[in-house]
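Heads up, the final residue of the sequence shown is numbered 512 in my numbering, and it's a clean run with no missing numbers. To start, the structure itself, in structure tokens.
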Amino acid sequence: MFVDRVTIYVKGGDGGNGCLSFRREKYAPRGGPNGGDGGHGGNVIIVADPSHSNLAHLSFQRHWKADRGDHGTGADCHGKTAKDLVIPVPVGTIVRDRDRGHVIKDLREPGEKVYIAKGGKGGFGNAHFKSSTNRAPRQFEKGFPGEERWISLEMKVIADVGLVGLPNAGKSTLLSRISHAHPEIADYPFTTKYPNLGTVHAGREDSFVVADIPGLIEGAHAGHGLGHEFLRHVERTRLLVHLVACENPDNTDPWDNYHTIREELRLYSPLLAERPEIVVLTKMDLTGADEIQAEFEKRLGREVMAISAVTGRGVNQLIRKISDMLGELEAPAMEPEMPDRPESPEAESEASETPVDTIAGEDGAELGS
144 MFVDRVTIYV KGGDGGNGCL SFRREKYAPR GGPNGGDGGH GGNVIIVADP SHSNLAHLSF
204 QRHWKADRGD HGTGADCHGK TAKDLVIPVP VGTIVRDRDR GHVIKDLREP GEKVYIAKGG
264 KGGFGNAHFK SSTNRAPRQF EKGFPGEERW ISLEMKVIAD VGLVGLPNAG KSTLLSRISH
324 AHPEIADYPF TTKYPNLGTV HAGREDSFVV ADIPGLIEGA HAGHGLGHEF LRHVERTRLL
384 VHLVACENPD NTDPWDNYHT IREELRLYSP LLAERPEIVV LTKMDLTGAD EIQAEFEKRL
444 GREVMAISAV TGRGVNQLIR KISDMLGELE APAMEPEMPD RPESPEAESE ASETPVDTIA
504 GEDGAELGS
């Protein structure tokens, strides 16, 4: 199952309670306070993990809560800090605050992480409140609550090149020809149902990643045919390779098909429509393909590459062309991050202060529950 968007609830662990306790020994029946502090609650951390290819592992569990800290005990024993809860996501995952809608973090690099919900601080035990005027304090703090929020996780594949085109334009066939990827290939539209990635080696030290997204149809910018779900997977690419079949089962004109996709890209995102593009005519092993290429180049006013992924015609030339263009291009602009909170556990907590509880109890009692 391929899942590229989920919404989950995360909560940092609550802090442990401080302890109310006094020393009670043979020769010191009414010793001083020795209640320990509560341990801090665990943080919730989201980390980019290359071993995950999509968000399917998060689709069956919507609530993620870190453990609370241990309570303090007598003899000045502090509670243990809880372990952090680490949630792995694919590289290329965007973390958003569900209610505010802004980007908290774009996890573009392996191992990159964000502290998404900080654990609460442990409460002070009564030993903390001892003073020259209060030798037997009966005050202690309850643990502070951990942060909580709903977040949206959206995965966008990270690739150098995006293959776009109408269904059955030959995108999956080309990907399988130039890389070790094995997408499903069949002679009917919409064979590809989710993005496929393949690494292409253009030389000993030259390689790039290609994304094959499911075929687009007219109205894709408005969500027709799951257009939004597909188009966002090419937003990060530096180069588009637009595949146009020189012959289609429905006898549609290649030129019209080319402009259908160009218009969908423009309506979806003007920035995406301005992305550098290589136009490629596919299925050039068919009769009359050369004439179609000549007419296409005349109308477009620039070079149109021609390939046959079945026979291999023009494939090596296309790989070299892609490699050369990528060497001249910069990474596309990304949506800015707007973190609304510190991203490390050392940062100052935003949790509100809880009142100090004054508890009356028997001397020597350990009240940490």
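All residues carry an ideal CB built from backbone N, CA and C; glycine is no exception.
| query | result |
| --- | --- |
| Check whether the Cβ atoms of valine 352 and aspartate 303 lie closer than 8 Å to each other. | yes |
| Under the DSSP definition of a beta bridge, which residues are partnered with glutamate 378? | Answer by DSSP bridge pairing: none, since glutamate 378 is not bridged. |
| Could you tell me which of Arg442, Gly155, Asp467, His195 sits nearest to glutamate 290, measuring between CA atoms? | Gly155 |
| What does the Cβ neighbour count give for phenylalanine 203, buried or exposed, with the cut at 16 atoms within 10 Å? | exposed |
| Using DSSP with H/G/I as helix, E/B as strand and the rest coil, what is valine 256? | Note that residue 256 is lysine in the sequence shown, not valine. Looking at lysine 256 - three-state DSSP - the assignment turns out to be strand. |
| Would phenylalanine 287 and glycine 158 be called neighbours here (beta carbons separated by less than 8 Å)? | yes |
| Please confirm if the segment 224 to 236 is in contact with the segment 180 to 200, defined as three or more CB-CB distances below 8 Å between the two stretches. | yes |
| Considering only C-alpha positions, which residue in the set Gly235, Met298, Lys299, Leu317 is nearest to threonine 454? | Leu317 |
| Under the rule that 16 or more other beta-carbon atoms within 10 Å means buried, what is arginine 375, buried or exposed? | buried |
| Tell me the DSSP secondary structure of phenylalanine 439 in three-state form. | helix |
| Return the chain-ordered list of same chain residues with a C-beta closer than 6 Å to the C-beta of glutamate 255, the five sequence neighbours on each side being excluded. | Ala191 |
| With a Cβ-Cβ cutoff of 8 Å, do isoleucine 301 and glycine 222 count as a contact? | no |
| Which value, in whole angstroms, describes the spacing of the CA atoms of alanine 260 and arginine 409? | 38 Å |
| Thinking C-alpha only, which one of Thr425, Lys441, Gly184 is nearest asparagine 311? | Thr425 |
| Just to confirm before moving on: does the CB-CB distance between arginine 239 and isoleucine 294 stay below 8 Å? | yes |
| Would DSSP call leucine 228 helix, strand or coil? | strand |
| Grouping DSSP H, G and I as helix and E and B as strand, with all else coil, what is glutamine 282? | strand |
| In whole angstroms, what separates the C-alpha of leucine 415 from that of tyrosine 258? | 31 Å |
| Alpha carbon to alpha carbon, how far is valine 149 from isoleucine 237? Give it in angstroms, no decimals. | 11 Å |
| If we count the other Cβ atoms within 10 Å of its Cβ and call it buried at 16 or more, is glutamine 282 buried or exposed? | buried |
| Can you have a look at glycine 175 and say buried or exposed, based on whether 16 or more other CB atoms are within 10 angstroms of its CB? | exposed |
| For alanine 437, is the classification buried or exposed, using 16 other Cβ atoms within 10 angstroms of its Cβ as the cut-off for buried? | exposed |
| Can the beta-carbon of leucine 386 be found less than 8 Å from the beta-carbon of leucine 306? | yes |
| Taking glutamate 420 as the reference, which of Ala432, Leu383, Glu471 has the closest Cα? | Leu383 |
| Taking only runs of the beta strand (DSSP E) that begin and end inside the segment 386 to 446, which ones reach a length of at least 3 residues, in chain order? | 420 to 425 |
| Serine 274 by DSSP, collapsed to three states: which one? | coil |
| Name the one or two DSSP bridge partners that tyrosine 152 has. | His206, Trp293 |
| DSSP has glycine 182 in a bridge; who is on the other side? | Paired residues: none, contrary to the question. |
| Pull up the CB-CB distance for leucine 469 and methionine 448, whole angstroms please, since I reckon it's below 8 Å. | Rounded, the Cβ-Cβ distance is 15 Å, inconsistent with contact. |
| If we count the other Cβ atoms within 10 Å of its Cβ and call it buried at 16 or more, is proline 253 buried or exposed? | exposed |
| DSSP three-state label for arginine 211, please. | coil |
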